Structures are given as structure tokens and as C-alpha cells.
Amino acid sequence: MKSEPRTFSIDDLKAAPDGVESWDGIRNYQARNFMRDDMRQGDRVLFYHSSCPTPGVAGLAEVAREAHPDHTAWDPESDYFDPKASPENPRWFMVAIRFVEAFPHIVPLAELRRVSTLRNMKLLQRGQRLSIQPVTKKEYETICRIGRSAASR
DNA sequence: GCCAACGTTGGC
DNA sequence: GCCAACGTTGGC
Numbered sequence: 000m001k002s003e004p005r006t007f008s009i010d011d012l013k014a015a016p017d018g019v020e021s022w023d024g025i026r027n028y029q030a031r032n033f034m035r036d037d038m039r040q041g042d043r044v045l046f047y048h049s050s051c052p053t054p055g056v057a058g059l060a061e062v063a064r065e066a067h068p069d070h071t072a073w074d075p076e077s078d079y080f081d082p083k084a085s086p087e088n089p090r091w092f093m094v095a096i097r098f099v100e101a102f103p104h105i106v107p108l109a110e111l112r113r114v115s116t117l118r119n120m121k122l123l124q125r126g127q128r129l130s131i132q133p134v135t136k137k138e139y140e141t142i143c144r145i146g147r148s149a150a151s152r
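Heads up: the first sequence is residues 0 to 152, going by numbering that gives the first Met the number 0.
Right, here's the structure in full:
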């Protein structure tokens, strides 16, 4: 899951009550469908910092609550207001995630690109902008190993 | 700030 | 259903 750290970082997640935060504001159908159809309680999440000096994986979270209607969609005061959404027809969904760990050092995108076993990772494919993407177990484990190692920087 | 690559909108 | 125009994402 990608987030701009100026807006919401892994440290912000850690500081949230119980380390839990709702992932509201997703207004892309593919990302919505992925949250609604594929993300399950306890699933691990790579927390990615985007649009910042060193984009990369900052740490880990887990799904604390499965998909439920994103109420910001029918709040006219919200930046994420969608006039076509309503409590009866929510249109947009969100999950809640819980902080698990922050890596000692971010795993930079540039480093991910150098790891041959990650070459098929969706994040690294050309034109891939989706803010929520599936990750294979092997990719997840590889990135955890790099993130926890003293050699990462 | 630039720009490539997508996604969405809306006229026809 | 097509597709041009526009908006967004996100690395660099």
C-alpha cells in the first residue's frame, strides 16, 4: 500500500491509537476491488512511501479490519467526497490496517530494482501506478529480509 | 517542474 | 462503443 509520507507515514501509523488507521480515500476501482475482494484479516502489508526524496518500502502493517464502506465518500466536507456515493450505495470501500514494524532503514525503490528475484514484482513494472497492489509471498519475504538487514540503507 | 503512462469523463 | 480531452500518479 502506497502513501505519501508527508500526508501519512509509517510513523503516523505507529502513532495512531492501537496503531490502527482506516485506509480511506481510495477512488480507483482496481484498488477498491483489491481491498474488497482479496485483503483479509491478518494479511500482511508492505507500507510504501511514495512521492518523497527516497521512495521505497518503509515497513510492515497488517489488515486489522476487512473492507467496509468508506464514509468519506458521502461527506460533502471531505476531500474524497463523491456525489454518486451514499450510505445505501457506498460505491467506495476501505480497510483498516495495523502497524507491525518499521524497518531500521527504508528499502529504496532503486534497490528493489537491483534485486533479480523481484524483477516481476508489480510495483516495478512500467506504468504501474496503482496505490494498492498484490505482492507474492516470496516478494514479501525478500523485502522483509532486506529491510531488517544491517546492510540495507 | 517535467513528463510518461494511466484512468475517467462525456460528447457523439 | 469510440475516442479526445482532461486529470492524476509518481519517479526523476
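Using N, Cα and C, we set each Cβ at its ideal position, and we do this for glycine too. Please read these numbers as outputs of a predicted model, since none were measured by experiment.
In this structure, how does DSSP classify PRO89 when only helix, strand and coil are distinguished? coil
Under a three-way DSSP split, which group does ILE96 fall into? strand
So for PRO133, helix, strand or coil by DSSP? coil
TYR79, enclosing alpha helix (DSSP H) - first and last residue: Where TYR79 is concerned, there is no enclosing alpha helix (DSSP H), given that its DSSP letter is neither H nor E.
ALA30 - DSSP class collapsed to helix/strand/coil: helix
Look at ARG35 and ALA66 and say whether their C-beta atoms are less than 8 angstroms apart. yes
Taking the beta strand (DSSP E) that GLU61 belongs to, which residues open and close that run? 55-68
Inter-residue spacing [alpha-carbon to alpha-carbon] between LEU111 and THR6: 23 angstroms
Near ILE9, what residues of its chain come up, given a Cβ to Cβ distance below 6 angstroms and the 5 sequence neighbours on each side ignored? PHE46, ALA57, GLY58 and ALA101
What span of residues does the alpha helix (DSSP H) with LEU122 cover, start to end? Unbroken run through LEU122: none, as it is neither H nor E.
Straight-line Cα distance separating ASP23 from GLY146: 27 angstroms
With the cut-off set at 8 angstroms, would you say ASP69 and PHE92 are in Cβ contact? yes
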